[in-house]
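There are 2 protein chains.
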Amino acid sequence: MMLGIDFESSTPIYLQLREQIVKGIATKRLAPGDSLPSVRQLASDLGINLHTVNKAYAMLKQEGFITLHRQKGAVINSPDSFKTSDEYLKQLCDDLEPMIFEALLRGINEQEFSIVCSDIFKKIGGEKS
Amino acid sequence: MMLGIDFESSTPIYLQLREQIVKGIATKRLAPGDSLPSVRQLASDLGINLHTVNKAYAMLKQEGFITLHRQKGAVINSPDSFKTSDEYLKQLCDDLEPMIFEALLRGINEQEFSIVCSDIFKKIGGEKS
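Those sequence lines, one after another, are chains A and B. Numbering follows this note's numbering, with no gaps: position 123 of the first sequence is 148. Numbering follows this note's numbering, with no gaps: position 20 of the second sequence is 45.
Here it is, written out as structure tokens:
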């Protein structure tokens, strides 16, 4: 699976890496037991700092998506390890709230917002199958 | 309106500032014509870098939320200035997509996600009135 960085994006690089790996797991391009590139390798391939890759991997570990083995490196966990939690649900609300505030300001109502979400669910359904 | 920073958050400080100002406009605590604190004042009050405040204000200006006057400083625009645009809708999809990927991974389906969004719309409706 190819990982890429958008250096123009306002999203920090470590969060971009995290998002892509989460997307890889969701679309089954990364399966439980698969190894991610080593920190050194990925930093070198993408031309970014070791510390940035470390930060992404540490976050994914903290969230239960990967395990960091001393020898095998970063390995994708089984789905049981990242079931929903109260902590995650709170984070989801905290992330959605400012987006919904802005949507309302831009004149997008609840129904229109819901259609945007629904379209993304449909698109992802297509990518997964 | 009080602005505050969570130094523990994974969200960059300039984006936290931006989110709070957008929220202030959405909840009408900031009205068109209101002035924001000067860059120097806000940086000093929050104990952050001038450059960080500048970055937040530049982003808000770029998005049409504020105008930067040489004398009056940062002033909230009228709602006509931040109507929805194709660019915004694309950004909204780009922001929602990774969140929806993760929700699916965490075992949250479209209907459950929709309920989370709907609850936030209801909560905001309460804060606005």
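Ideal placement from N, C-alpha and C gives every residue a C-beta, glycine not left out. Bear in mind the structure is a predicted one, so any value in this text is a computation, not a measurement.
Residues that DSSP places opposite residue i in a beta bridge
i	result
B:Val141	Paired residue(s): none; B:Val141 is not in a bridge.
A:Ser60	A:Val100
Alpha helix (DSSP H) segment containing residue i, residue limits
i	result
B:Ile101	It is not in any alpha helix (DSSP H) - B:Ile101 instead sits in the beta strand (DSSP E) that spans Gly98 to Ile101.
B:Asn79	Leu75 to Gln87
B:Arg54	That residue, B:Arg54, is in no alpha helix (DSSP H); it is neither H nor E in DSSP.
B:Phe126	Asp111 to Leu130
N- and C-terminal bounds of the beta strand (DSSP E) containing residue i
i	result
B:Leu93	Ile91 to His94
Inter-residue CB distance, residue i and residue j (contact presumed, cutoff 8 Å)
i	j	result
A:Glu127	B:Val78	Contact flag wrong, Cβ pair sits at about 20 Å.
Closest by C-alpha distance to residue i, when choosing among the options
i	options	result
A:Ala51	B:Leu130, B:Glu135 and B:Ser63	B:Leu130
B:Ile73	B:Ile91, B:Pro37 and B:Cys142	B:Pro37
A:Lys147	B:Gly89, B:Asp144, B:Gln136 and B:Gln87	B:Gln136
A:Ile125	B:Leu40, B:Gly98, B:Gln45 and B:Cys142	B:Cys142
A:Ala99	A:Leu55, A:Ile145, A:Phe32 and A:Gly151	A:Leu55
B:Met27	B:Pro62, B:Pro57 and B:Tyr39	B:Pro62
A:Asp59	A:Gln87, A:Gln41, A:Ile30 and A:Leu93	A:Leu93
B:Ser106	B:Gln116, B:Gln96, B:Lys86 and B:Glu122	B:Lys86
A:Asp144	B:Glu122, B:Glu33 and B:Gly132	B:Glu122
B:Asp70	B:Glu88, B:Ile91, B:Lys97 and B:Leu42	B:Leu42
B:Glu44	B:Tyr82, B:Gln66, B:Ala68 and B:Gly132	B:Tyr82
A:Ile133	B:Gly151, B:Ile91, B:Thr109 and B:Cys118	B:Thr109
B:Lys115	A:Phe138, A:Asn102 and A:Ile30	A:Phe138
A:Ser34	B:Glu152, B:Asp120 and B:Pro57	B:Asp120
A:Val64	A:Tyr39, A:Glu152, A:Ile140 and A:Pro104	A:Tyr39
A:Ile140	B:Leu117, B:Gly150, B:Gly49 and B:Glu152	B:Leu117
B:Ile101	B:Gly49, B:Glu112 and B:Glu152	B:Gly49
B:Glu112	B:Glu88, B:Gly29, B:Pro57 and B:Gln66	B:Glu88
A:Ser103	A:Ile91, A:Asp31 and A:Gly151	A:Ile91
A:Ile149	A:Phe32, A:Ile30, A:Lys53 and A:Asp31	A:Lys53
Inset, instruction - Could you run through the segment 95 to 124 of chain A and flag, in chain order, every residue whose CB is less than 7 Å away from some CB of chain B? - result: Phe107, Lys108, Thr109, Tyr113, Leu117, Cys118, Asp120, Leu121, Glu122, Pro123 and Met124
Inset, instruction - For the segment 36 to 59 of chain A, enumerate the residues whose C-beta is nearer than 8 Å to any C-beta of chain B, in chain order. - result: Residues Pro37, Leu40, Glu44, Val47, Lys48, Ile50, Ala51 and Thr52.
Inset, instruction - Residues of the segment 135 to 153 of chain B with a CB closer than 7 Å to any CB of chain A: list them in chain order, please. - result: Cβ contacts with chain A come from Glu135, Phe138, Ser139, Val141, Cys142, Ser143, Ile145, Phe146 and Ile149.
Legend entry - Cβ-based contacts, 7 Å cut-off: residues of the segment 63 to 78 of chain A near chain B: none
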